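Those letters in the sequence shown? Residues 36 to 246, per our numbering, in order.
Take a look at the structure below.
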Amino acid sequence: MNMTTSIRKQQSSLFLLLLLIVSTTNSFIFTPIREGLKSKLLDLSNKTNRGLTASTEDKKEIQSLFAELERYNPIRKPLLSDKVNGRWSLEYTTSDVILGRGGYPRIGPIVQAIDTKTLTALNSEVVNYFNILPLTRTVTAELSPQSDQLTNVQFKRFTLGPIGFDAPEQFKGFLDVTYLDDDVRLTRGDKGNIFILTRMEDDDDDDVNED
């Protein structure tokens, strides 16, 4: 009995040692790759003004880098991780609607706040109407996770400055969180768009302010 217990302890210790070796090796090999891909993605995002001025070549390169970084996702169950929560600043998207392409310009950050404990999300931005009237625009949403990385999104209420109104029932979609680490999140939307976001710190002074 004592010999069996000793063998089991040795096997357990060996298993933990192997896990440690694999984890250390993965970190040593993959971390530089992740950081390199992230740096290229964020540089291109900044260069293209969140995607507004992206050329065809820029878009192709960003799509390629985006897909490559997804392969090195360090958190396999992002919706179960506290790291997905908090406020995120949009750095790049292929969504013309969110960018406001052909419409009124956005001022400052486009922010998304996620809380998986309350299953809610809040998107906010400042839109400069007629180049003289900046107003904060927000939309709240309920999240209904369908897996460890994909959640349905039901939009609930819109506000424009002091005016608020309920969102129509058909205003819904989904978010597929395909990459997550301490400071970057990649997401795919239901209309085929991609989103690159970076974490905002609590003391950021470029927050979206309520009007």
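By construction, the Cβ of each residue, glycine as well, lies at the ideal position given by its N, Cα and C atoms.
Owing to the predicted nature of the structure, the values given are computational and were not obtained by experimental measurement.
Item                                                                                                      : Value
Range of the contiguous alpha helix (DSSP H) that encloses glutamine 94                                   : Before going further, note that residue 94 is lysine rather than glutamine in the sequence given. Element bounds for lysine 94: 91-105.
For proline 140, the three-state DSSP class (helix, strand or coil)                                       : coil
Rounded straight-line distance, which links the Cα of phenylalanine 230 to that of glycine 224            : 8 Å
Neighbour-count burial assignment, isoleucine 56, 16 or more Cβ in a 10 Å radius                          : At isoleucine 56, the pLDDT of 47 sits below 50, so the modelled position is not reliable and the matter cannot be decided from this model.
Residue burial classification, glutamine 181 (beta-carbon count within 10 angstroms, cutoff 16)           : exposed
Cβ neighbours of serine 58 in the same chain (closer than 6 Å, five flanking residues each side left out) : Model confidence at serine 58 stands at a pLDDT of 44, short of 50, so the residue's coordinates are unreliable; what they give is reported in the following sentence. Nothing meets the Cβ criterion.
Length of the line joining the Cα atoms of leucine 221 and threonine 213                                  : 6 Å
Endpoints, the beta strand (DSSP E) within which leucine 154 is located                                   : Leucine 154 -> no beta strand (DSSP E), and no H or E assigned at all.
Threonine 186 versus phenylalanine 200: straight-line alpha-carbon distance, rounded                      : 24 Å
Proximity to phenylalanine 101 [Cα-Cα], best of Leu76, Arg122, Asp150, Phe206                             : Leu76
Helix, strand or coil at proline 67 [DSSP, three-state]                                                   : helix
Aspartate 131 versus glycine 137: straight-line alpha-carbon distance, rounded                            : 8 Å
In DSSP terms, what valine 219 is bridged to                                                              : Thr233
Length of the line joining the Cα atoms of arginine 85 and phenylalanine 165                              : 21 Å
Proximity below 8 Å, CB of aspartate 183 to CB of leucine 232                                             : no
Check whether leucine 134 and leucine 170 have beta carbons under 8 Å apart                               : no
Under the three-state DSSP convention, the category leucine 87 falls into                                 : coil
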